[in-house]
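Engineer:
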Amino acid sequence: MDLQHERNNKMKNRPLIGLSAALLIGGALSASPTLAGEALIGDPNTYSPPARQSSRQLYWGDTHLHTTQSPDAFTLETRLDREQAYRFARGETVIADNGMAAKLRRPLDFLAITDHSEYLGVFPMLEKKDPRLKEWQFGDFLGSLMDEGKFQELALEFSLAIQKTDAEFKVPTPVRQSIWEDVTQTADQYYQPGVFTTLIGYEWTSMITGDNLHRVVLFKGDHEQTHQVLPFTAQHSTAPEDLWAALTDYERTTGGEVLAIAHNGNVSNGRMFGPIRENGKAFDAAYATQRARWEPVYEVTQVKGDGETHPALSPDDEFADFETWDDGNIALTADKDPDMLPYEYARSALQLGLGYERELGVNPFKFGLIGSSDMHTGLSTTAENNYFGKFGHDEPAKDRFREKMAHQLQENWRLVASGLAAVWAEDNTRESIFEAFKRREVYATSGSRIGLRFFAGWDFEAQDVQRPDYADIGYRKGVPMGGDLVTGPDGASPTIMVAAVRDPDGANLDRVQIIKGWLDADGETHEQVFDVALSDNRQADPSTGLIPPVGDTADLENATYLNSIGDAELAAVWQDPDFDPTEPAFYYARVIEIPTPRWTVYDAAFFGSDIPDPARIAIQDRAYSSPIWYTPPSPEP
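Next up, the structure:
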């Protein structure tokens, strides 16, 4: 059944073309291929299938969580520490800072606590009047503000000081060493290989005139490696190139491995993927190589909005306006200019990367996609009905959505219960999860746990996705998400195999889409959205090509919904109908759930409060696979 629906960035609808093979799989969870367990083919002569396969499992985690050790979290009423954050993530009940018991429905498989490297752990020490800080004059000033209860002024001083390079503003090195020792040792203490993985990390908080350039830094190793080198801070430099140099030094010094994850391009005012580096120079091959080397994945969705695309960039994409934050930069010190948008969103950056590769020979924006929370509560909560906010003062309370984030920024109702990082890895260990990030076999969700497989090759057949060992076929005949599709046979067009399963505790699926981006011979970039699998046996209108909506069962008064619409599973094999082997391209999957109540509705139902008129009340959570790239062969000399 042909279910292809094409859209492009010129807002032109086109009729369905019979060059794709799409297969809908509906019904119970057992009716179509499971998403767990199948993977790489090993020794074909071994009788036992599990013994001859190098199995990759699906693991869920958050690589961007803050605790009271982050100064901004501390000043905004968060007091949960790293140990409480680890216990919560692995499924224990903890008492949140608002006094409520908090618990996840299902534990996470892995967690990275990434407190800000600038003044990491210092504010709790100041509160306790730790004698190790008594000789630090600026620390004494910060402590006096704390004693006087001037927490907003304290937060302001922190935000100003993290960009200052003068010695008087820097935390004494022995104090930093002691704090980092504790951070890395605590992570090791809670690491249970095969059960719960703790990844050591921090956040580098570069912010130029209020424009976000933050990066999460993740380490592969343990305390013995990571404690040897102190975290890099924005007081050292606000340029990403200097961060990468510091990561290079770390690997040379320790023999360990490390990577960086950028996030929130949507509040960077065009800096995140902009054409000019922080030194005022244009990209060159060396810069592109370094960026691709150190930043293999991008955090595309989190509490401060979704960063896949923007309706102004993708005007014919009906799902483009999703939890959009486009008022200004992260500090709201400058408004957003429409010309900034192409340099802020993942889809447009992926397209820009194709152009850079043609020009420089290297694609600086060849990144996979993950979600993570950026919660500053010590609680990684991404479920709409279990959302504990951005900061301590945002935790569940009557009318919390009428307040503002950090008391002065965006309205709290705009905060998003997002997101999660999904990883296909051999084991739940630091080594396996880190390697999955490096090869980009990861994907993002906006908070729910949608299972997703995505492969590209040249000869997938419709029945391949129906087989119980379809993932083995995917690895054998193609490449998984995050990979590169090698040149195919003459006249062939890429075939893509995709399978999605709903969150077992969540909403049914509306549809599966494939997003294609490409670069033409004239250097112009393009995009198209293809609907490749639709729930409820829907079909495109033959005259318009439009897809009828899935419907809506959300009861916004009682904060409930029914899975009487949509499908539990969707799968398809699809072939690109317009493939040009001379044009570089990328493909990724987007899976959309049926409409459900947003966290604002759950709050209103629980507390009996009214929702302010501008607040969003419904959501269609989603998953984004990492892309697969096609690069044309170099012309023969």
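For the sequence shown, the positions run -36 to -1, 1 to 601 when mature numbering (1 follows the signal peptide of the UniProt record, and there is no 0) is used. Ideal Cβ positions, reconstructed from N, Cα and C, are used throughout, including at glycine. Because the structure is a prediction, the values reported are computed rather than measured.
Suppose the cutoff is 6 Å on Cβ atoms and the five residues either side in sequence are ignored; what does the same chain contact list for Phe398 look like?
Structural biologist: In the sequence shown, the residue the question calls residue 398 occupies position 434. For Phe398, where only same-chain residues beyond five positions count, the Cβ hits under 6 Å are Lys184.
Engineer: Taking 8 Å as the limit between beta carbons, can you name the residues of its chain near Glu395, skipping five residues before and five after?
Structural biologist: Stepping through the sequence shown from its first residue, residue 395 is reached at position 431. Result list for Glu395: Lys184, in chain order.
Engineer: Who are the near neighbours of Thr472 in its chain, counting only those whose CB is closer than 8 Å to its CB and skipping five residues on each side?
Structural biologist: On the sequence shown, position 508 is the one that residue 472 refers to. Residue identity differs from the one stated: residue 472 is Asn in this sequence, not Thr. Excluding positions up to five away in sequence, the list reads Arg466, Ser499, Asn527, Ile529, Gly530, Asp531, Ala532, Glu557, Ile558.
Engineer: Determine the direct distance from the alpha carbon of Asn228 to that of Tyr579, and round the result to whole angstroms.
Structural biologist: As a working mapping, residue 579 is identified with position 615 in the sequence shown. As a working mapping, residue 228 is identified with position 264 in the sequence shown. Just to set this straight, residue 579 is Ala in the shown sequence, not Tyr. For Ala579 and Asn228, the distance between alpha carbons rounds to 21 Å.
Engineer: How far does the alpha helix (DSSP H) with Glu215 in it reach, from first residue to last?
Structural biologist: For this step, residue 215 is matched to residue 251 along the sequence shown. Counting along the chain, the alpha helix (DSSP H) containing Glu215 begins and ends at 204 to 218.
Engineer: Return the residue from the list Gly481, Pro432, Leu379, Gln266 that minimises the CA-CA distance to Ala463.
Structural biologist: Within the sequence shown, numbered from 1, the residue matching residue 463 stands at position 499. Checking every option, the nearest Cα to that of Ala463 belongs to Pro432.
Engineer: In chain order, what residues of the same chain lie with their CB nearer than 7 Å to the CB of Asp363, ignoring the 5 residues before and after it?
Structural biologist: On the sequence shown, position 399 is the one that residue 363 refers to. So the list reads Ser573, once near-sequence residues are dropped.
Engineer: Rounding to the nearest angstrom, what Cα-Cα distance links Phe133 and Val222 in this structure?
Structural biologist: In the sequence shown, residue 133 corresponds to position 169, counting from 1. In the sequence shown, residue 222 corresponds to position 258, counting from 1. Rounded to the nearest angstrom, the two C-alpha atoms are 27 Å apart.
Engineer: With H, G and I counted as helix, E and B as strand and the rest as coil, what does DSSP make of Phe419?
Structural biologist: Start at 1 with the first residue of the sequence shown, and residue 419 comes out as number 455. Three-state DSSP puts Phe419 in a strand.
Engineer: So, at 6 Å on beta carbons, what are the nonlocal neighbours of Gln153 in its own chain, with the 5 sequence-adjacent residues on each side left out?
Structural biologist: For the purposes of this step, residue 153 is taken as residue 189 along the sequence shown, with counting starting at 1. Contacts found: none.
Engineer: Which residues in the same chain as Phe160 place their Cβ atom closer than 6 Å to its Cβ, once the five residues preceding and following it in sequence are excluded?
Structural biologist: Indexing the sequence shown from 1 puts residue 160 at position 196. So the qualifying residues of the chain are Arg54.
Engineer: In three-state terms, what does DSSP make of Ile529?
Structural biologist: Reading the sequence shown from its first residue, position 565 is the one you call residue 529. The answer is coil: DSSP assigns Ile529 none of H, G, I, E or B.
Engineer: Per DSSP, what kind of secondary structure is Phe183 in: helix, strand or coil?
Structural biologist: Along the sequence shown, one-based indexing puts residue 183 at 219. Three-state DSSP puts Phe183 in a strand.
Engineer: Rounded to the nearest angstrom, how far is the Cβ of Leu324 from that of Val261, given a contact under 8 Å?
Structural biologist: Stepping through the sequence shown from its first residue, residue 324 is reached at position 360. Stepping through the sequence shown from its first residue, residue 261 is reached at position 297. 21 Å between Cβ atoms; not a contact.
Engineer: Around the Cβ of Asp484, are there at least 16 other Cβ atoms within 10 angstroms (buried) or fewer (exposed)?
Structural biologist: Here residue 484 refers to the residue found at position 520 of the sequence shown. Counting Cβ neighbours within 10 Å, Asp484 comes out exposed, since fewer than 16 surround it.
Engineer: Between Leu177 and Met236, how many whole angstroms is the CB-CB distance? I'm expecting something under 8 Å.
Structural biologist: As a position in the sequence shown, residue 177 is number 213, starting the count at 1. As a position in the sequence shown, residue 236 is number 272, starting the count at 1. Sure, about 7 Å apart at Cβ, within 8 Å.
Engineer: Within 10 Å of its beta-carbon, does Asn501 have 16 or more other beta-carbons around it, so buried, or fewer, so exposed?
Structural biologist: On the sequence shown, residue 501 is found 537 positions in, with the first residue counted as 1. Classification of Asn501: exposed, given that the 10 Å Cβ count is below 16.
Engineer: Would you check if the distance between the CB atom of Ala518 and the CB atom of Ile511 is smaller than 7 Å?
Structural biologist: Taking the sequence shown and counting its residues from 1, the one referred to as residue 518 is at position 554. Taking the sequence shown and counting its residues from 1, the one referred to as residue 511 is at position 547. In this structure, Ile511 does not lie closer than 7 Å to Ala518 by Cβ.
Engineer: Compute the distance between the beta-carbons of Val429 and Val514, then report whether it is under 7 Å.
Structural biologist: Locating residue 429 in the sequence shown gives position 465, where the first residue counts as 1. Locating residue 514 in the sequence shown gives position 550, where the first residue counts as 1. Contact flag unset, no.
Engineer: Please give the ranges of any beta strand (DSSP E) in the stretch 138 to 201, keeping only runs that are unbroken, at least 3 residues long and fully inside the region.
Structural biologist: With a minimum length of 3 residues, the continuous beta strand (DSSP E) runs that stay inside the stretch 138 to 201 are 161 to 168, 179 to 183.
Engineer: For Pro275, which residues from the same chain have a beta carbon less than 8 Å from its beta carbon, with the 5 sequence-adjacent residues on both sides left out?
Structural biologist: Translated into positions along the sequence shown, residue 275 becomes position 311. Asp281, Ala284, Asp285, Thr288.
Engineer: In whole angstroms, give me the CA-to-CA distance for Ala49 and Ile225.
Structural biologist: On the sequence shown, position 85 is the one that residue 49 refers to. On the sequence shown, position 261 is the one that residue 225 refers to. Each residue's alpha carbon lies about 21 Å from the other.
Engineer: Only counting the same chain, and skipping five residues up and downstream in sequence, which positions put a Cβ closer than 6 Å to that of Leu(-8)?
Structural biologist: Within the sequence shown, residue -8 is the residue found at index 29, counting from 1. Any reading at Leu(-8) needs caution, since the residue's pLDDT is 28, under 50, leaving its predicted position unreliable; the model's value is listed next. So the qualifying residues of the chain are Ala532.
Engineer: Quick check: the stretch 297 to 309 against the stretch 337 to 356, are there 3 or more CB pairs under 8 Å?
Structural biologist: Touching, no.
Engineer: Using the Cβ count rule (16 or more neighbours within 10 Å means buried), how would you classify Ser590?
Structural biologist: Locating residue 590 in the sequence shown gives position 626, counting from the first residue. Result: buried.
Engineer: Expressed to the nearest angstrom, what Euclidean distance is found between the alpha-carbon atoms of Thr42 and Leu449?
Structural biologist: In the sequence shown, the residue the question calls residue 42 occupies position 78. In the sequence shown, the residue the question calls residue 449 occupies position 485. Rounded to whole angstroms, Thr42 to Leu449 spans 46 Å at the Cα level.
Engineer: Report yes or no: is there a C-beta of chain C within less than 7 Å of the C-beta of Leu318?
Structural biologist: The question asks about chain C, but that chain is absent: this structure has only one protein chain.
Engineer: Run through DSSP, which three-state label would Arg413 get?
Structural biologist: One-based indexing of the sequence shown puts residue 413 at position 449. Three-state DSSP puts Arg413 in coil, outside helix and strand.
Engineer: Classify Asn522: buried if its beta carbon has 16 or more other beta carbons within 10 angstroms, exposed otherwise.
Structural biologist: The sequence position of residue 522 within the sequence shown is 558, counting from 1. So Asn522 counts as exposed.
Engineer: Unbroken beta strand (DSSP E) runs of length 3 or more, entirely within the stretch 341 to 415: which are they?
Structural biologist: Listed in chain order, the complete beta strand (DSSP E) runs (minimum 3 residues) inside the stretch 341 to 415 are 384 to 389, 406 to 409.
Engineer: In chain order, what residues of the same chain have a beta carbon less than 6 Å from the beta carbon of Pro599, not counting five sequence neighbours either side?
Structural biologist: What you label residue 599 is simply residue 635 of the sequence shown in a count that begins at 1. Around Pro599: no qualifying Cβ.
Engineer: Quick one: what's got a C-beta closer than 6 Å to Asn9's C-beta in the same chain, skipping five residues either side?
Structural biologist: As a working note, residue 9 is residue 45 in the sequence shown. Here the set comprises nothing.
Engineer: Please classify Gln156: is it buried, with 16 or more other beta-carbons within 10 angstroms of its beta-carbon, or exposed?
Structural biologist: Working through the sequence shown from its first residue, we reach residue 156 at position 192. Exposed, since its Cβ has fewer than 16 Cβ neighbours within 10 Å.
Engineer: Count the other CB atoms within 10 Å of the CB of Gly269; is the residue buried (16 or more) or exposed (fewer)?
Structural biologist: For this step, residue 269 is matched to residue 305 along the sequence shown. By the 10 Å Cβ count, Gly269 comes out buried.
Engineer: Work out the CA separation of Glu272 and Ala249 for me, nearest whole Å.
Structural biologist: Counting from one through the sequence shown, the residue named residue 249 turns up at place 285. Counting from one through the sequence shown, the residue named residue 272 turns up at place 308. Going from the Cα of Ala249 to the Cα of Glu272 covers about 26 Å.
Engineer: Given this structure, state the Cα-to-Cα distance separating Thr595 from Val180, to the nearest angstrom.
Structural biologist: Within the sequence shown, numbered from 1, the residue matching residue 595 stands at position 631. Within the sequence shown, numbered from 1, the residue matching residue 180 stands at position 216. Using only the alpha carbons, I get a separation of about 29 Å.
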